[in-house]
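Listed in order, the protein sequences are those of chains A and B.
Positions in the first sequence are counted from 1; adding 28 to them yields the numbering used here.
Positions in the second sequence are counted from 1; adding 4 to them yields the numbering used here.
Glycine residues also receive a C-beta, built at the ideal position from the N, C-alpha and C atoms.
One structure is given here, and the rest of the page talks about it.
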Amino acid sequence: GAVVSQHPSWVICKSGTSVKIECRSLDFQATTMFWYRQFPKQSLMLMATSNEGSKATYEQGVEKDKFLINHASLTLSTLTVTSAHPEDSSFYICSASRFRDMAGPQHFGDGTRLSIL
Amino acid sequence: KNEVEQSPQNLTAQEGEFITINCSYSVGISALHWLQQHPGGGIVSLFMLSSGKKKHGRLIATINIQEKHSSLHITASHPRDSAVYICAASRRNTDKLIFGTGTRLQVFP
Numbered sequence: 029g030a031v032v033s034q035h036p037s038w039v040i041c042k043s044g045t046s047v048k049i050e051c052r053s054l055d056f057q058a059t060t061m062f063w064y065r066q067f068p069k070q071s072l073m074l075m076a077t078s079n080e081g082s083k084a085t086y087e088q089g090v091e092k093d094k095f096l097i098n099h100a101s102l103t104l105s106t107l108t109v110t111s112a113h114p115e116d117s118s119f120y121i122c123s124a125s126r127f128r129d130m131a132g133p134q135h136f137g138d139g140t141r142l143s144i145l
Numbered sequence: 005k006n007e008v009e010q011s012p013q014n015l016t017a018q019e020g021e022f023i024t025i026n027c028s029y030s031v032g033i034s035a036l037h038w039l040q041q042h043p044g045g046g047i048v049s050l051f052m053l054s055s056g057k058k059k060h061g062r063l064i065a066t067i068n069i070q071e072k073h074s075s076l077h078i079t080a081s082h083p084r085d086s087a088v089y090i091c092a093a094s095r096r097n098t099d100k101l102i103f104g105t106g107t108r109l110q111v112f113p
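Below you can see the structure in the form of structure tokens.
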């Protein structure tokens, strides 16, 4: 159990486009979902934490208006990269947890590779 | 200095060899995670431990809280074990994960 599906797995789009990434917990209720960003050969960086039904908590340096996070249900969170630019190109990974905040195991999606031309 | 350090950064092994990846941390933690990231990017959570030792198949994870050190062992390694292994510490009080930079493992047949 504890499967997390992330979609799409790969996006290429023009600069200025907004891109939405979905993260779904398929067989459990995700009280908390996390969004990470990973640059090549670097470690994961937490962007934001979202609890169902409440506003996401963003990490320092992450622009809230740039990276819109919605966690409308216990099985779905979305990350929208608004007006994406080449510097937003990265690997984005979501994870989901049954627990509030980071108290329990996280289950990761397969990631979305975003390339902005 | 990173709060979570892994060694080695890169590791190559012959199939069948016993593998050890080390993780040291300098912060107080509530738990330590070992993750496996496949070449395509997908991440699998292998272990979450706060004391002692856990075993799953050919994988063993140990932690020494006093020494602030954890190890991941792979017995009878196989080419399909080739991946990046990431150690992540849950910071005490906040539980926020602090990630190591990963160990890239390649196992050759």
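Residue-chain proximity (residue i, chain B), Cβ-Cβ < 8 Å
{"i": "N71(A)", "result": "Here the sequence assigns Ser to residue 71(A), which means Asn is not the residue at that position. By this cut-off, S71(A) is an interface position."}
{"i": "G89(A)", "result": "no"}
{"i": "P68(A)", "result": "no"}
{"i": "R141(A)", "result": "yes"}
{"i": "Q134(A)", "result": "yes"}
Candidates the options, of which the one nearest residue i by Cα
{"i": "H82(B)", "options": "N26(B), A17(B), V8(B)", "result": "A17(B)"}
{"i": "W63(A)", "options": "F127(A), V90(A), S123(A), E115(A)", "result": "S123(A)"}
{"i": "E50(A)", "options": "P133(A), S143(A), I121(A)", "result": "I121(A)"}
{"i": "K72(B)", "options": "L50(B), A92(B), T98(B), P113(B)", "result": "A92(B)"}
Between the CA atoms of residue j and residue i - distance to the nearest angstrom
{"i": "Y29(B)", "j": "S71(A)", "result": "15 Å"}
{"i": "N68(B)", "j": "S55(B)", "result": "7 Å"}
{"i": "I90(B)", "j": "N6(B)", "result": "14 Å"}
{"i": "I78(B)", "j": "L53(B)", "result": "16 Å"}
Unbroken beta strand (DSSP E) run spanning residue i, endpoints
{"i": "H37(B)", "result": "33-41"}
{"i": "I64(B)", "result": "63-68"}
{"i": "Q10(B)", "result": "8-11"}
{"i": "K58(B)", "result": "56-60"}
CB contact check: residue i to chain A, cutoff 8 Å
{"i": "F103(B)", "result": "yes"}
{"i": "V48(B)", "result": "yes"}
{"i": "S55(B)", "result": "no"}
{"i": "G61(B)", "result": "no"}
{"i": "K100(B)", "result": "yes"}
Which full runs of the beta strand (DSSP E) of 3+ residues lie inside the segment 106-142 of chain A, going along the chain? 118-125
Which ranges would you report for the alpha helix (DSSP H) in the segment 45-96 of chain A if only whole runs of at least 4 residues count? none
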